[in-house]
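Protein chains: 2
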Amino acid sequence: MVTTTAQRNLHVHAQVLRIHASSEEDPYLLQTLEVTEDDFQCLKADQGILVDFASFPGKIISLLERCISSHASDTPRFQAVLSCRPSDSTLKIVETNDFKQLAHITLAFKPGNDFTVKQVHVVSGG
Amino acid sequence: MVTTTAQRNLHVHAQVLRIHASSEEDPYLLQTLEVTEDDFQCLKADQGILVDFASFPGKIISLLERCISSHASDTPRFQAVLSCRPSDSTLKIVETNDFKQLAHITLAFKPGNDFTVKQVHVVSGG
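Residue numbers (the working numbering), protein chains in the order written: chain A, 1 to 126; chain B, 1001 to 1126.
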């Protein structure tokens, strides 16, 4: 099972959305994403997002909650699919209807390094 | 207003789905698409389509009907958006929710030539 957390940190001039995808079964699995306000403008244009940066984390959390709600179903309508590759990975939140798989969001993640893995373990108490 | 029709013709060995996008206001506007069973396999893989070739035209028509149903709304939930360019065009059927624009299908069209424009006028009695 992959657990995902969203964090927002206030830096001197910029807000950054950080998302960490980790696994309860594999303490070394960590995929991270940082989205600055500038990154978000590209993401917004590329993927037809209609909300602003401030509302974006809440929408991602809502989508993840829909994945959790449909997790017990034999044919889950919403799924979060993390595809890991050595240099870049993607997290897709996908709705499956009777016609096709609809990607609600596609986010490019990077594998965590030793430092970020330790950081996340300290924060989560793992 | 853009009107769209779907046709299926049985050739000697292959079935072909033909979609014509034309306009009641502009008799010279014609965009055409032909999808063979082989083309459909690529489309299916690229866009996460879950139905087979035989069910595909019916699904496209259902989506277009949803566009027609929501046409009268100030904020239509489903829209068919035809973007015309000199060499290639796209027809997207897009659902707008409170987060983003979801592309249910994206189809690559080609501008009609003199022959296909006349053919469509003969078929439609225009």
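Glycine included, every Cβ here is placed at the ideal spot set by N, Cα and C.
Would residue i and residue j qualify as a contact pair, given that the criterion is a beta-carbon distance under 9 Å?
i       : j       : result
P76/A   : T106/A  : no
L33/A   : K110/A  : yes
A1072/B : V1094/B : no
G1048/B : L102/A  : yes
V1035/B : D98/A   : no
L63/A   : F53/A   : no
Against chain A, does residue i count as a neighbour if the rule is that its beta carbon must be under 9 Å from one of theirs?
i       : result
G1048/B : yes
A1103/B : yes
T1096/B : yes
T1106/B : no
For residue i, count neighbouring Cβ atoms within 10 angstroms of its own Cβ and tell me buried if that reaches 16, exposed if not.
i       : result
L17/A   : buried
A21/A   : buried
I19/A   : buried
I60/A   : buried
C1042/B : exposed
Looking at the C-beta of residue i, does it have a partner C-beta in chain B at a distance below 9 Å?
i      : result
V73/A  : At residue 73/A the sequence reads Ser, which differs from the Val that was named. With 9 Å as the cut-off, S73/A does not count as an interface residue toward chain B.
V127/A : Residue 127/A lies beyond the range of chain A shown here (1 to 126); nothing can be said about it.
V35/A  : no
S69/A  : no
L82/A  : no
S23/A  : no
F99/A  : yes
L64/A  : no
K59/A  : yes
Measuring only the C-alpha atoms, how far is residue i from residue j?
i       : j       : result
K92/A   : R1085/B : 30 Å
L30/A   : E1024/B : 55 Å
E65/A   : G1112/B : 46 Å
S1055/B : S89/A   : 33 Å
S1087/B : S70/A   : 43 Å
I68/A   : A108/A  : 21 Å
D1039/B : Y28/A   : 42 Å
Q15/A   : A45/A   : 19 Å
H104/A  : D1026/B : 35 Å
E1037/B : E37/A   : 43 Å
S1083/B : L82/A   : 32 Å
D1130/B : D74/A   : The requested residue 1130/B does not occur in the structure, where chain B is confined to residues 1001 to 1126.
**Message:** At 4 residues or longer, what runs of the alpha helix (DSSP H) sit wholly inside the segment 31–102 of chain A?
**Reply:** 37–47, 56–69
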